[in-house]
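Under the working numbering, the residues of the sequence shown are numbered 39 to 376, in order. Data first, discussion second: the structure below is written as structure tokens.
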Amino acid sequence: MIVVIRPHTPPDQVEAVIREISALGYTPNPIRGEYQTVVAAIGDETTHASLESLNALPQVEQVLRVQKRFKLASRESRRTPTVVHAGGVEIGGDKFVLMAGPCSVESEEQLMATAHAVKAAGAVILRGGAYKPRTSPYEFQGLGPEGLRMLETARAETGLRIITEVLGERDVDLVAGTADILQIGARNAQNFQLLIACARSGKPVLLKRGLSMRVEEWLLAAEYLLAHGNPNVILCERGIRTFETYTRNTLDLAAVAIAKQESHLPVVVDPSQGCGRADLVKVLCRGAAAVGADGLLVEVHPNPAEALSDGQQQLDPAAFEDLVESLRPFVSAAGRTL
Ligand code: PEP
Ligand code: MN
């Protein structure tokens, strides 16, 4: 870390800071300028106490980090990209992975119709929430265990792998009993106890970016999963909250490119929550492929107008098929296969 001492600080107070740096386990290397001293503090910032507490000293102007706060999630810790294996499907490899299905599991008929349609169009993973994080307690909350059973039936009938959201710590074992990939939703992305419980389940985890999370916070949430022994982590950009009202959220494709640069973890994009408008989903998928995403998570419903949640952003099966077909040249231009 770099500790910047205020200009014209008397030498005894400079020495006091240097002593404090040593006491905290770092080797201080002072650089004494004409007016100001800067101390390079050598030590592993992830295993030593942070020197940021030195900001409490009046003679300290600022303390700057050199190392990143996330370690296991960083490119430095692993040079080759992580490929997550989920029930025989690889995420983060050469293939651009399509995950698709309804926002919520509503009935067996609805789920089966969607599963067959998305499979025919090229999806390999079926999404569908059995537990739904709804803003209002009066809105459809999901079918719970019954929904999980329907997802199992859909997997048995189609061979699609299953991704579904786990809302709370107490449901982790139950949901992990069905899911090939556990989805941690945007509203839970910094629920650290849930992250730890999902890490321990041993199932691959898809971690949405929280509504107002910085990329660093998102990667630190992923770090929780990795630090608690689960290397099979997929990041998912799903839009952040901004002042814009044309879209439900602002899909941050720059964050996808940054996450790919900073981390070895696979990154997928959810354009459905990302914009909240069915008419924009197709073009955003192209953008996602172009910036280097490893796949997509897209909401598809046999009849979006009758959906019990997120109808405005779900595609019907024909629109999804068209999306996939028109995506092919973009995926191959990005050096991936569909
Ligand atoms: C969803 O995928 O339907 C969902 C609720 O996602 P998010 O957590 O990104 O809002
Ligand atoms: Mn949804």
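Idealized CB from N, CA, C, for every residue including glycine.
Please classify residue i as buried or exposed, where buried requires at least 16 neighbouring CB atoms within 10 angstroms.
{"i": "N229", "result": "buried"}
{"i": "Q221", "result": "buried"}
{"i": "F134", "result": "buried"}
{"i": "N268", "result": "buried"}
{"i": "T85", "result": "exposed"}
{"i": "L102", "result": "exposed"}
{"i": "E363", "result": "exposed"}
{"i": "Y262", "result": "buried"}
{"i": "S310", "result": "buried"}
{"i": "N93", "result": "exposed"}
{"i": "N226", "result": "buried"}
{"i": "R165", "result": "buried"}
{"i": "F358", "result": "buried"}
{"i": "G215", "result": "exposed"}
{"i": "S370", "result": "exposed"}
{"i": "V122", "result": "buried"}
{"i": "V104", "result": "exposed"}
{"i": "T152", "result": "buried"}
{"i": "P140", "result": "buried"}
{"i": "A87", "result": "exposed"}
{"i": "T75", "result": "buried"}
Whole angstroms are fine: how far does the CA of residue j sit from the CA of residue i?
{"i": "R247", "j": "W256", "result": "6 angstroms"}
{"i": "I200", "j": "P183", "result": "14 angstroms"}
{"i": "R208", "j": "A237", "result": "14 angstroms"}
{"i": "S174", "j": "R107", "result": "35 angstroms"}
{"i": "Q287", "j": "G81", "result": "The amino acid occupying residue 287 in the given sequence is Asn; Gln does not appear at that position. For N287 and G81, the distance between alpha carbons rounds to 40 angstroms."}
{"i": "M188", "j": "L149", "result": "7 angstroms"}
{"i": "H154", "j": "G160", "result": "10 angstroms"}
{"i": "E58", "j": "H46", "result": "19 angstroms"}
{"i": "G277", "j": "L212", "result": "28 angstroms"}
{"i": "G330", "j": "G167", "result": "26 angstroms"}
{"i": "S115", "j": "S239", "result": "23 angstroms"}
{"i": "N341", "j": "R117", "result": "44 angstroms"}
{"i": "S250", "j": "I56", "result": "38 angstroms"}
{"i": "Q51", "j": "Q97", "result": "7 angstroms"}
{"i": "E344", "j": "R193", "result": "24 angstroms"}
{"i": "Y284", "j": "V42", "result": "44 angstroms"}
{"i": "L376", "j": "T120", "result": "19 angstroms"}
{"i": "A158", "j": "V321", "result": "21 angstroms"}
{"i": "D308", "j": "E83", "result": "34 angstroms"}
{"i": "L6", "j": "M39", "result": "Outside the displayed range of the chain (39 to 376) lies residue 6, so it cannot be described from this structure."}
{"i": "A295", "j": "E195", "result": "36 angstroms"}
{"i": "I69", "j": "L95", "result": "19 angstroms"}
{"i": "A356", "j": "R324", "result": "17 angstroms"}
{"i": "A217", "j": "R44", "result": "55 angstroms"}
{"i": "T280", "j": "A297", "result": "20 angstroms"}
{"i": "T191", "j": "A293", "result": "36 angstroms"}
{"i": "A377", "j": "P48", "result": "Residue 377 falls outside the range modelled here, since the chain spans only 39 to 376, and no answer is possible."}
Just to confirm before moving on: does the CB-CB distance between residue i and residue j stay below 8 angstroms?
{"i": "L89", "j": "Y73", "result": "no"}
{"i": "A260", "j": "L291", "result": "no"}
{"i": "L335", "j": "C313", "result": "no"}
{"i": "F368", "j": "A316", "result": "no"}
{"i": "V243", "j": "V210", "result": "no"}
{"i": "D354", "j": "H339", "result": "yes"}
{"i": "G130", "j": "D332", "result": "yes"}
{"i": "Y169", "j": "E203", "result": "yes"}
{"i": "I219", "j": "H266", "result": "no"}
{"i": "V143", "j": "G180", "result": "yes"}
{"i": "V127", "j": "A138", "result": "no"}
{"i": "L78", "j": "N67", "result": "The amino acid occupying residue 78 in the given sequence is Ala; Leu does not appear at that position. Their beta carbons are under 8 angstroms apart, which means A78 touches N67 by this criterion."}
{"i": "S347", "j": "E177", "result": "yes"}
{"i": "D132", "j": "R374", "result": "yes"}
{"i": "Q351", "j": "E337", "result": "yes"}
{"i": "V253", "j": "C274", "result": "no"}
{"i": "S91", "j": "E300", "result": "no"}
{"i": "V162", "j": "L136", "result": "yes"}
{"i": "L318", "j": "L110", "result": "no"}
{"i": "G125", "j": "P171", "result": "no"}
{"i": "L245", "j": "G206", "result": "no"}
On the DSSP bridge list, what partners appear for residue i?
{"i": "T75", "result": "R70"}
{"i": "E203", "result": "Q221"}
{"i": "R165", "result": "I201"}
{"i": "I43", "result": "V98"}
{"i": "V243", "result": "L220 and V271"}
{"i": "T65", "result": "I80"}
{"i": "L353", "result": "V338"}
{"i": "T375", "result": "K133"}
Output yes if chain D places a C-beta closer than 8 angstroms to the C-beta of residue i; else output no.
{"i": "L365", "result": "Absence of chain D from the displayed structure is noted, only one protein chain being present."}
### Task
May I have a chain-ordered list of the alpha helix (DSSP H) segments no shorter than 4 residues that lie completely inside the region 264 to 350?
291 to 300, 309 to 313 and 316 to 328
### Query
What are the uninterrupted segments assigned as alpha helix (DSSP H) that are 4 or more residues long and contained completely in the region 95 to 158, given in chain order?
none
### Residues near the ligand NAD, criterion Cβ-heavy atom distance below 5 angstroms
With respect to the ligand NAD, the structure shown offers nothing to examine, as its ligands consist of the ligand PEP and the ligand MN.
### Task
Go through the region 174 to 198 residue by residue and report every complete run of the alpha helix (DSSP H) that reaches 4 residues or more, in order.
183 to 196
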